[in-house]
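Just so we're on the same page, my numbering is the position in the sequence shown counted from 1, plus 11. Everything below concerns the one structure shown next.
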Amino acid sequence: MYLLYVCTGMACRNQGESLREELTCAICCELFNDPVMLECMHHFCRACIQRYWDKCSRVPSCPQCRREFPNRTFRSHYLVSGVVEKLRRYSSEDHKRKMQKHLENALRAHQREMENFVRQKHTAEENICSLTKTSGELNSKIHAEFERLHQILEEKERVVLMELAKEEELLLVRLRGDIMQLEEGISDLRKNIEHIQEILNKTGDSLLLEVESWTIRPPVHAVAQPALDIQCHRERYSGPLQYIFWRQMLQSIHPAPAPLTFDPESAHPNLVLSKNLTAVTESDRRQPVCSSPKRFQQCVNVLGSQAFDSGSHYWEVWVGSKTKWDLGVAAESVDRAAKVKLCPENGYWALRLRNSTEYWAAATPWVRLAPRSCLRKVGVFLDCEEGKVAFYNAENMTHLFTFHQAAARRFCPFFSTCFSDGKLNVEPMRICHLTL
Ligand SMILES: [Zn+2]
Ligand SMILES: [Zn+2]
């Protein structure tokens, strides 16, 4: 019945059993074999009813309802016969085995799929946890950075307002001094005026005589002060204030682009450096350079003037429309005499351009990068404590790639112009200094 349930899909086990009962011959108690129907509508196996009637000497009757018939007539019932055949087939051992096997396979497949789903659900749940955790950490970090910016701004505001107040105070002192002096002068003058008027009021010839005896102090002279230039005072604190303060603020921002130069002692002999040591290009002619253990002998490399062993640092490199370059960070201890593969295992954490348009992170193996636009200026961020080297498109500060677990006693900014290839890649590589 279990199998019938499976095959019909709809029928339940009880329905299956009652169907078997319906299709069981009341004489032999087996499933109908060649079923026939009597006039009373009862069914029996053809052989069973014939045998029954053979044994019975009286008029033929139905063994079930006892109805008697004038003769031995029955009709074959093909529909019941077909249903019985089907039921018999589904009940066969062979079919049972086949179905069992089929079900076992289905069960195993479902169990496997279930395990798979459970695993995936678990992973998704773990991802939710780590996403929440990471976002929380980033949230705090961003908050702290903005907090720092607010502090810088507030500090700047405080200083500027203090300067303004100080300037105002100085001018006030000066103006108050002027007023005091003028008041003294006014008082002196008033005295003199009264005096002179007194003399004038006296009539008679004695006037001229008396004038001589009277001492009339000359009028006081107020010290001539330069006129106060309110306009100048106003102009010192107006104009593009936001831009002015923002520029001043940049000095407090960390890390801001470091004003690096190239270290000429490390430069491969074929590299030509600009006088101010901020531009470098490769020449097919060897330059007259002193020999140094710091110098790269094989690859056209050069390091930055400063090595870092702590803190975080950021610098920007102009690569313009060069067709090939490598840049990033190198351990100070890299082998400079040998031709060394550029990879983290050898102390290089670098980005590289090949064939004008292919950007790669020189990880192991290389990772192809697909920046949204050509890189003309690359920003390199080094965090010595976290062992992190990250690259940015410095024109819009979109993130390109980050190396983790960078370890070295000291890290140096690293540059390679690659070969100039005639004129193709001759454009110098430059260290950018922050200009506003
Ligand atoms: Zn029978
Ligand atoms: Zn009957």
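Even glycine gets a Cβ: it sits at the ideal position worked out from N, Cα and C. Because the structure is a prediction, the values reported are computed rather than measured.
Item                                                                                                                                                                           : Value
Is it buried or exposed for ILE442, if we count other Cβ within 10 angstroms and need 16 for buried?                                                                           : buried
Determine the direct distance from the alpha carbon of VAL184 to that of MET191, and round the result to whole angstroms.                                                      : 10 Å
Please report the straight-line C-alpha distance between TYR254 and GLU406, rounded to a whole angstrom.                                                                       : 20 Å
Can you grab the Cα-Cα spacing for the pair GLY331 / LEU386, in whole Å?                                                                                                       : 7 Å
Under a three-way DSSP split, which group does ARG169 fall into?                                                                                                               : helix
Here's the rule I'm using: 16 or more other beta-carbon atoms within 10 Å means buried, otherwise exposed. How should ILE60 be labelled?                                       : buried
LYS399 and PHE414: beta carbons closer than 8 Å?                                                                                                                               : yes
Using the rule of at least 16 other Cβ atoms within 10 Å of the residue's Cβ for burial, across every protein chain shown, is GLY339 buried or exposed?                        : buried
Considering only heavy atoms of ligand 2 and the C-beta of each residue, which residues fall inside 6 Å, strictly closer?                                                      : LEU49, CYS51, HIS53, CYS73, GLN75, CYS76, ARG78
Pick out whichever of PRO266, TRP336, GLU205 has its Cα sitting closest to the Cα of SER321.                                                                                   : PRO266
Cutting at 8 Å between CB atoms, please list the residues of its own chain near VAL70, excluding the five before and the five after it.                                        : GLU79, PHE80, PRO81
Could you tell me how far apart the beta carbons of ASP309 and ALA349 are, in whole angstroms, since I believe they sit closer than 8 Å?                                       : According to the sequence displayed, residue 309 carries Gln and not Asp. At roughly 6 Å, the Cβ-Cβ gap stays under 8 Å, so GLN309 and ALA349 are in contact.
Whole angstroms is fine: what's the gap from HIS54's alpha carbon to ASP105's?                                                                                                 : 28 Å
Assign GLU293 to one of two classes, buried (16 or more other C-beta atoms within 10 Å of its C-beta) or exposed (fewer than that).                                            : buried
Output the boundary residues of the beta strand (DSSP E) element that contains ASP469.                                                                                         : In the structure as shown, the chain begins at 12 and stops at 447. Residue 469 is therefore absent and cannot be evaluated.
Are the beta-carbon atoms of LEU393 and ASN404 separated by less than 8 Å?                                                                                                     : no
With 16 as the cutoff for other CB atoms within 10 Å, does MET125 come out buried or exposed?                                                                                  : exposed
Checking 8 Å against the spacing of the C-beta atoms, do SER303 and GLU343 come in under that value?                                                                           : no
Compute the Euclidean distance between the alpha carbons of SER249 and GLN236, then round it to the nearest angstrom.                                                          : 26 Å
Per DSSP, GLU136 forms a beta bridge with which residues?                                                                                                                      : None; GLU136 has no bridge partner.
From what residue to what residue does the beta strand (DSSP E) around ILE442 run?                                                                                             : 440–443
Quick check: what's the CA-CA separation for ASN436 versus LEU261?                                                                                                             : 34 Å
Compare the C-alpha of ALA318 against each of GLY196, SER384, PHE422, ILE153 and name the closest.                                                                             : PHE422
Could you compute how far the alpha carbon of GLN162 sits from the alpha carbon of ASP337?                                                                                     : 38 Å
What's the call for LYS333, buried or exposed, on a 16-neighbour Cβ count within 10 Å?                                                                                         : buried
So is VAL170 buried or exposed if we call it buried at 16+ other beta carbons inside 10 Å?                                                                                     : exposed
Following a CB-centred definition, is CYS67 positioned closer than 7 Å to any heavy atom of ligand 4?                                                                          : This structure does not include ligand 4; its bound ligands are ligand 1 and ligand 2.
Examine ligand 1 and report whether any of its heavy atoms sits within less than 7 Å of the Cβ of HIS55.                                                                       : The sequence given here has Phe at residue 55, not His. For ligand 1, at least one heavy atom lies less than 7 Å from the Cβ of PHE55.
With LEU252 as the anchor, note down where its alpha helix (DSSP H) starts and where it stops.                                                                                 : 252–261
Using a Cβ-Cβ cut-off of 6 Å (strictly less than) and excluding sequence neighbours within five positions of ARG57, which residues of its own chain qualify?                   : ASP45, VAL47
What do you reckon, is the C-beta of GLU96 under 7 Å from a heavy atom of ligand 1?                                                                                            : no
Following the continuous beta strand (DSSP E) through SER427, name the residue where it begins and the one where it ends.                                                      : 422–427
Just to confirm, does GLU41 get its C-beta within under 7 Å of one of the non-hydrogen atoms of ligand 1?                                                                      : yes
Distance check for SER367 and HIS381, CA to CA, integer angstroms please.                                                                                                      : For clarity, residue 381 is Ala in the given sequence; the question names His instead. Distance between the alpha carbons of ALA381 and SER367: 13 Å.
Give me, in chain order, the residues of the same chain whose beta-carbon lies closer than 8 Å to that of MET408; leave out the 5 immediate sequence neighbours on both sides. : GLY390
Report the three-state DSSP secondary structure of ARG379 (helix, strand or coil).                                                                                             : strand
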